[in-house]
Amino acid sequence: MSEKQVMIRVQNLKKRFGNLEVLKDISLEVKKGEVVVLIGASGSGKSTLIRCINFLEMKDGGEIFIEGERIDPKKANLCKVRQKVGMVFQHFNLFPHKTVLENVIEAPVIVRKMSKQEASREALELLRKVGLEEKANVYPSSLSGGQKQRVAIARSLAMKPDIMLFDEPTSALDPELVGEVLETMKQLAREGMTMIIVTHEMGFAREVADWVAFMDQGRILEWGPPQEIFNNPREERTREFLNRVLK
Amino acid sequence: MPSFSHVVEEFIRTFPLFMKPLLLTFELTFASGVVGTVIGLLFALLKVSRIPLGPMLADLYITLIRGTPLIVQIFVLYFGFYKVVDLGQFWSASLALAVHSGAYIAEIFRGAIQSIDKGQMEAGLSLGMSPAQTMRRIILPQALKRSIPPLGNQFILLLKESSLAAFIAMEELFSMARRLSAETFDEMTFFLIVAVYYLVIVLFFTYLVKRLEQRLAKGDS
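Chains A and B are the protein sequences, given in the same order. Okay, so the first sequence: first residue is 0 according to numbering that gives the first Met the number 0, each after it adds one. Okay, so the second sequence: first residue is 0 according to numbering that gives the first Met the number 0, each after it adds one.
Structure (structure tokens):
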């Protein structure tokens, strides 16, 4: 084991929706600067897992540690926890009644109590980084899907999170718009952001992931470096899944 | 049946008499509309909140109002506000109407709040905003905008319902019609005339609501 800080530790996590056990005994660890990609068929629990990590879903069992601190959702200040853990959604969830710039400065101004001026300066820098500085004053409805998602990434980064979670960030995009979002995510990875990404983009996973986790029926069936998972999967189920999606 | 020309003559003759009652009808509608909107918003928030007993309290209020006739509510509330709390005639009548329409307005706001995509709340939370901050900054502005057309309709209903205030000694439109018909024994004429007053005001408000709706729709595209 290296000495890098463990950013996320999940122990024996369980989650059920009614009678359906969505997560059965999940354990994982993500260290500082690592990129973990979760793959698996839909319904395997990938999204639920990352939604549990920033407490949009409440776990039914097990423990979650963020930066070494055990989080008890009943006692912890979840707002504080979520400030460290950014999230990007499949359907962007931009605020339609606010301009691009207002979307990005909302949380820094309201939560961090930054001045609008200071927040705007930082927001414009983030928008430049995702290539959308000239769109600062338009409303989200006039953006393409790829642009929306890049704004959503900038909005999340504005809170200076230590960890970023991506829930199928390119699944709702037209194929020709996927690349620009993946490029932004690659850039983040290069800068050393700790990330957990749920995606069906296998090429991206192979290129960017430090670890790939294959999830099946609420369990992490296989965990390893991408070349191992993609070239030499140990589990029959992993091989079947990859055969299906890589065709 | 009075002749058409007779109704028109009487309309013109009594026009000055109807001006003060007309103003009172507007005042009643406006006052109870504003207070009813505040009550409605509070109970809508209570209904979607996780405050202990909050949703139950909101349900109780809405059930009581929806389950009893307006005229009964007006008498109970009016005499409650007038005799027990001593708020004066106008405010007792306005508050009675406000408490009534507040229940329907609460349902309008609740529906609008719940029609906002769940992803909006999740996005706010994921940025470290509290549920209350997200409600105030993200959900409510969008929900209020969606509420405006049904609120306009509620306002029109309220305007018509304010005629019931005639039965609690408010000198508004309908009460003037009752007085004139009693004085002249020409009931049909004056009830037709007052119907025209209401119809014209309602058509005017309907037009305003429609215009507002079109302007809001433009902002969406």
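Here a beta-carbon is modelled for each residue, glycine too, at the ideal position from N, C-alpha and C. These figures come from a predicted structure and were not determined experimentally.
Contact check for Gly145(A) against Val177(A) passes: the beta carbons are separated by less than 9 Å.
Below 8 Å, enough C-beta pairs join the segment 188-206 of chain A and the segment 156-164 of chain A to call them touching: three or more.
Per the coordinates, the alpha-carbon of Gly223(A) lies some 5 Å from the alpha-carbon of Trp210(A).
The secondary-structure analysis by DSSP pairs Ile196(A) across a beta bridge with Val36(A), Phe165(A).
Taking Ile112(B) as the centre and dropping the five residues before and after it, the same chain places the C-beta of Ala43, Val47, Ile138, Ala142 closer than 7 Å to its C-beta, in chain order. Proximity of chain A to Pro54(B) at the Cβ level (cut-off 8 Å) is not reached, the minimal Cβ distance being about 20 Å. Interface with chain A (9 Å Cβ-Cβ cutoff): Met128(B) is included.
In the three-state DSSP reduction, Lys46(B) falls in the helix class (H, G or I). Taking all protein chains shown into account, Glu221(A) has 16 or more neighbouring C-beta atoms within 10 Å of its C-beta and is therefore buried. The CB of Gln113(B) never comes closer than 7 Å to any CB in chain A; the least such distance is about 17 Å. When secondary structure is reduced to three states using DSSP, Ile219(A) falls in the strand class.
Among the CB atoms of chain A, one or more fall inside 9 Å of the CB of Ser125(B). Residues of chain A with a Cβ closer than 7 Å to the Cβ of Pro140(B) are, in chain order, His96. Taken through DSSP and simplified to helix, strand or coil, Arg15(A) comes out as strand. Spanning the alpha carbons of Ala92(B) and Lys79(A) requires a straight line of approximately 48 Å. It is roughly 38 Å from the alpha-carbon of Gln213(B) to the alpha-carbon of Arg111(A). Put simply, the CB of Asp116(B) is near chain A, with a gap under 9 Å to one of its CB atoms. Annotation: the continuous beta strand (DSSP E) that includes Phe64(A) extends over 60-65. Each of Glu121(B), Asp116(B), Gly35(B), Lys117(B) was checked against the Cα of Tyr103(B), and the nearest Cα belongs to Gly35(B). Within the segment 52-131 of chain A, the complete beta strand (DSSP E) segments at least 3 residues long are 60-65, 84-87, listed from N- to C-terminus.
Under a 10 Å Cβ-count criterion, Ala181(B) is classified as exposed, with fewer than 16 other Cβ atoms of the shown protein chains found around its own Cβ.
The beta carbons of Asn76(A) and Ser125(B) sit no closer together than 9 Å. Taking the beta carbon of Ile109(A) as reference, the chain B residues within 7 Å of it are Met128, Gln132, Arg136, listed in sequence order. Less than 9 Å divides the Cβ of Val197(A) from the Cβ of Leu48(A). The CB of Glu121(B) comes closer than 9 Å to the CB of Arg50, Leu55, Met86, Phe88, Asn92 in chain A, given here in chain order. Listed in chain order, the non-local C-beta contacts of Glu239(A) below 8 Å within the same chain number zero, local neighbours out to five positions each way being set aside. Using beta-carbon distances, Lys144(B) counts as an interface residue toward chain A, with a partner under 9 Å.
For Glu167(A), no chain B residue has a Cβ inside 8 Å of its Cβ, as the nearest lies near 13 Å away.
Under the DSSP assignment, Gln132(B) falls in the alpha helix (DSSP H) whose first and last residues are 130-133.
Ile155(B): member of the alpha helix (DSSP H) spanning 139-160, first to last residue.
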